[in-house]
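Undergrad:
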Amino acid sequence: MDRLVYELTGSRHEYSHRCWIGVKREINKQTNIKPSYGSDDLNELEVNGNWTPQEKALHEARLKAKAKRRLRKSSSRDSNRESISDSVSGELSTDPHSPKSKNAVNDRKSRTGKGRGLPKKGGAGGKGVWGAAGMVYEVEEPDAKDPNYDESSQGDTIYATVVPELDERELEKTINPIVQEYFEHGDTKEVEMLLRELNLGHHKYEFSSLAVSLSLEGKASHRELTSRLLSDLSGKVLSEKDMSRAFDKMLKELPDLILDTPEAPQMLGQFIARAIADHALPMSFLDCYKGKVDCDHARAALDRASVLLSMKTKIMRLDNVWGVGGGQRPVKHLIKEMNLLLKEYLVSGELSEAEHCLRDLEVPHFHHELVYEAVVMALESTGDTALQMMVKLLKAFWQTGLITLDQMNRGFQRVYDELAEISLDVPHAHSIMETFVDLCYQDSVITKQLRDSCPTRSETCLPKNGGESIITSQSG
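Numbering (UniProt numbering), first residue to last: 1 to 476.
#1: Leaving out five residues before and five after F366 in sequence, what residues of the same chain have Cβ atoms less than 7 Å from its Cβ?
#2: Within the continuous alpha helix (DSSP H) that includes K189, where are the two ends?
#3: Please classify R70 as buried or exposed, where buried requires at least 16 neighbouring CB atoms within 10 angstroms.
#4: Beta-carbon within less than 7 Å of S231's beta-carbon, same chain only, minus the 5 sequence neighbours each way: which residues are those?
#5: Taking C-beta to C-beta, are E253 and G201 nearer than 8 Å?
#6: My parser needs the beta strand (DSSP E) runs of 3 or more residues fully inside the stretch 410-467; what are they?
#7: Any idea which residues DSSP pairs L238 with across the strands?
#8: Looking at the structure shown, is Y149 part of a helix, part of a strand, or coil, going by DSSP?
#9: K127: buried (16+ other C-beta within 10 angstroms of its C-beta) or exposed?
#10: Determine the burial state of V47: buried for a count of at least 16 other Cβ atoms within 10 Å of its Cβ, exposed for fewer.
#11: Mapping the DSSP letters down to three states, classify M311 as helix, strand or coil.
#12: Please classify D452 as buried or exposed, where buried requires at least 16 other C-beta atoms within 10 Å of its C-beta.
#13: For P265, I'd like the list of residues in its chain whose CB is within less than 8 Å of its CB, leaving aside the five on either flank, ordered along the chain.
#14: Go ahead and label E91 buried or exposed: buried means 16 or more other beta carbons lie within 10 angstroms of its beta carbon, across all protein chains shown.
#15: How far does the alpha helix (DSSP H) with V293 in it reach, from first residue to last?
#16: Measure from the alpha carbon of E181 to the alpha carbon of each residue in K204, E170, D150, S215, then state which is nearest.
#17: Where A144 and K204 are concerned, what is the direct C-alpha to C-alpha distance, given to the nearest angstrom?
#18: Measuring only the C-alpha atoms, how far is A65 from K73?
#19: Under the rule that 16 or more other beta-carbon atoms within 10 Å means buried, what is D242, buried or exposed?
#20: I'd like the span of the alpha helix (DSSP H) that includes V371, first residue to last.
#21: Quick one, are the C-beta atoms of V371 and F412 less than 8 Å apart?
#22: Excluding the five sequence neighbours on either side, which residues of its own chain have a C-beta within less than 6 Å of the C-beta of T9, listed in chain order?
#23: Are L229 and A273 close, meaning C-beta to C-beta below 8 Å?
#24: Between I446 and A378, what straight-line distance do the alpha-carbon atoms span, to the nearest angstrom?
#25: DSSP three-state label for H59, please.
#26: For the alpha helix (DSSP H) holding W322, just list the boundary residues, first then last.
#27: With a threshold of 16 other CB atoms inside 10 Å of the CB of A429, please say whether the residue is buried or exposed.
#28: Let's see if you can read the secondary structure: which residues bound the alpha helix (DSSP H) around A396?
#29: Which residues in the same chain as residue 503 place their Cβ atom closer than 8 Å to its Cβ, once the five residues preceding and following it in sequence are excluded?
#30: Using the Cα positions of M338 and R169, report the straight-line distance between them to the nearest angstrom.
#31: If you run the structure through DSSP and keep just helix, strand and coil, what is R329?
#32: Give me the Cα-Cα distance between D360 and Y345, rounded to the nearest whole angstrom.
#33: Rounded to whole angstroms, what is the Cα-Cα separation between D406 and D443?
#34: Ignore the nearest five residues each way along the sequence and tell me which others in K395's own chain have a CB closer than 7 Å to its CB.
#35: Determine the direct distance from the alpha carbon of V212 to that of N320, and round the result to whole angstroms.
#36: Would F285 pass as a contact of S227 if the rule is Cβ separation under 8 Å?
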C-alpha cells in the first residue's frame, strides 16, 4: 500500500504529514483495507481527535506492551545489581525470567572484585599445556596428616622383624640353655649372636648374673669360660653399667647362694677381680662399697677381690684365677702341670691332693699323658721307692675311675714305642720297665695282654735310616 502511494506521489515527504494520513485513510476506504498505523500516526490522530474506537483500543494495547517492556528492562537491571552484591557475600541469585539468566549460570567470569586481573597459571595454562617453558615441578611429598593419606599406597612397604621383650619368667628359661651349651663349645661369638637376636630390654644385665650363678655350681673350667664370656661381651652386648648391676645383684643374693655353694663369697670375689682386670668392670666398683656393706658374705667377697687386685702386676693378669685346667689350655702347659703334679706327689705322697689337682685340670681325654709321664719318671728315678709310689698312684686313679682303661693302655703303649730312645738316657730301662709292668699287673692296674706286649731284654730297637725302628732278637 505504501509502495502504491509512493508510486502515485513520488515521495511521501513531499507532502505534509497530515495530508499523508488523509490520503491513506481515503485509500483504505476505497480498497476496504483495515487501517494500520504506527505509533507516530496514532499520536497524530489523537491530537486531531479523529480516532475510531478500534484505533483507540489498539493504541492502549500498544502502550501497555511498551510499559511492560520497560518494566522488564528495569527489573533485569535490578537483578544484575543484586547478583553482584550477593556474590560478594557468597550468595548468587538469578532471575529465571531474565533473558540473560542462561548465560549468567554458565558465566565463569569472577565478579568478586578479587585478584589482579592476571591470566591464570601465568599464561601457561590451556588445553594440552603443562606449564611454562623451563618450569620444573618438584615431587610432591605425601603428608601423613592428610585425610586422604593412604599408607599402603606410598611406595614399597618395608617389613621389619619385631622381637617381643622377654619377661622375667621367660628370661631364665631362655638364658640357661644358651649358657649350658656355651660350656660345651666355648664359642663366645655364637653366644653374642644369640643375644643380639633376643630382646632382653631392661633385663639385659641379668644375663651376667645368671651365667655366674650357673658357673658357681659347675667346674672351674666353667668359671673360666664365664669370665672369658663376660670379657668378650663387654662393650658389645653388655655395658659396664650392666656388669655393675649384675654383680651388685649377686652380692645381695650371697646369703641364698651359699646354701648351695658354700664357697660362693670367695668365688664371687674372684669373678669381680677378674672382671676388673679384663676391663669389664670399672675400677671404681670396689670403692663404691667401702664402708657401706653390712652383709658379712658380701664383705668377704669384696675383700677377696681387693686382695687379688693388689697382687696383680702390670705384666701378670688374673688369667689363672680359676686354675690351669680345661681343654682350651695349650698342650705344653698341660704337660708342665702334670709333671709338677707328679713331682709334688713324690715329695708329699698325698694321693687325695694329686687326685684333686688332676680333676682340676679337667682334661680326661689327655690322662694318657699322665700315665706316660708317671712311667717315664719311674724309669728315670733311682731306687724302688719311686716305683712303688707310682704304682700306688696309678692304682688309686684306676680304682676311682679317674683314668680309664683306654687311657691307661695308651699311656703304657707310648712308653713301649719310645723305650729304645729312653734306654739311651737310662741304660737299664728295659729291666726297670719289666719290673714296673709286673708290679702294675699284680695290683690289677694293667691287663695281661698289656703286660705281655712289653719289650723284653732280648729285644733291641734299632733305628733305620728312614727313622723307623725294627726289633731284633739277641741270643745269649
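We put the beta carbon where it would ideally sit given N, CA and C, even for glycine.
TA: Reading off the structure:
#1: Hits under 7 Å: L334.
#2: Its alpha helix (DSSP H) spans residues 188-197.
#3: Within a 10 Å sphere around the beta-carbon of R70 sit fewer than 16 other beta-carbons, which makes this residue exposed.
#4: If we look at S231 and ignore the five residues flanking it on each side, its Cβ neighbours are D278, A280.
#5: Annotated as distal: E253 and G201, with beta-carbon spacing of 8 Å or more.
#6: Taken in chain order, the whole beta strand (DSSP E) runs of length 3 or more contained in the stretch 410-467 are 459-463.
#7: Per DSSP, the beta-bridge partners of L238 are S234.
#8: Three-state result, Y149: coil.
#9: Exposed: under 16 other Cβ atoms inside 10 Å.
#10: With a pLDDT of 49 at V47, under the threshold of 50, the predicted position of this residue should be treated as unreliable, and no value is reported.
#11: DSSP places M311 in helix when its eight states are reduced to three.
#12: The residue is exposed, with fewer than 16 neighbouring Cβ atoms inside 10 Å.
#13: Excluding the 5 residues flanking it on each side, P265 has same chain C-beta neighbours closer than 8 Å at L254, I258, H297, A298, A300, A301, R304, in chain order.
#14: Confidence in E91 is poor, its pLDDT being 44 and thus under 50, which makes the residue's placement too unreliable to answer from.
#15: No residue range can be given for V293, since it is assigned to no alpha helix (DSSP H) and is classified by DSSP as neither H nor E.
#16: Considering only alpha carbons, the answer is S215.
#17: Rounded to whole angstroms, A144 and K204 show a C-alpha spacing of 36 Å.
#18: Approximately 13 Å between the Cα atoms of the pair.
#19: Burial is judged here by how many other beta carbons sit within 10 angstroms of a residue's own beta carbon; D242 has at least 16 and is buried.
#20: For V371, the uninterrupted alpha helix (DSSP H) run begins and ends at 367-380, by DSSP.
#21: Yes. Within cutoff.
#22: Because T9 carries a pLDDT of 46, less than 50, the predicted location of this residue cannot be relied on, and the following value inherits that uncertainty. Around T9: no qualifying Cβ.
#23: In this structure, A273 does not lie closer than 8 Å to L229 by Cβ.
#24: Taking the straight line joining both Cα atoms gives about 16 Å.
#25: Three-state result, H59: helix.
#26: Taken as a continuous stretch (DSSP letters only), W322 belongs to no alpha helix (DSSP H), as it is neither H nor E.
#27: With 16 or more Cβ atoms within 10 Å of its Cβ, A429 is classed as buried.
#28: Taken as a continuous stretch (DSSP letters only), the alpha helix (DSSP H) holding A396 covers 385-399.
#29: Because the chain here runs from 1 to 476, residue 503 falls outside it and cannot be looked at.
#30: Straight-line Cα distance between these residues: approximately 45 Å.
#31: In the three-state DSSP reduction, R329 falls in the coil class, being neither helix nor strand.
#32: Cα to Cα, the separation comes out at about 15 Å.
#33: Their backbone Cα atoms lie some 17 Å apart in a straight line.
#34: Around K395, the same chain offers D443, V445 as residues with beta carbons nearer than 7 Å, after the five sequence neighbours per side are excluded.
#35: If I take the Cα positions, the gap works out to 17 Å.
#36: Not a contact, by the Cβ cut-off of 8 Å.
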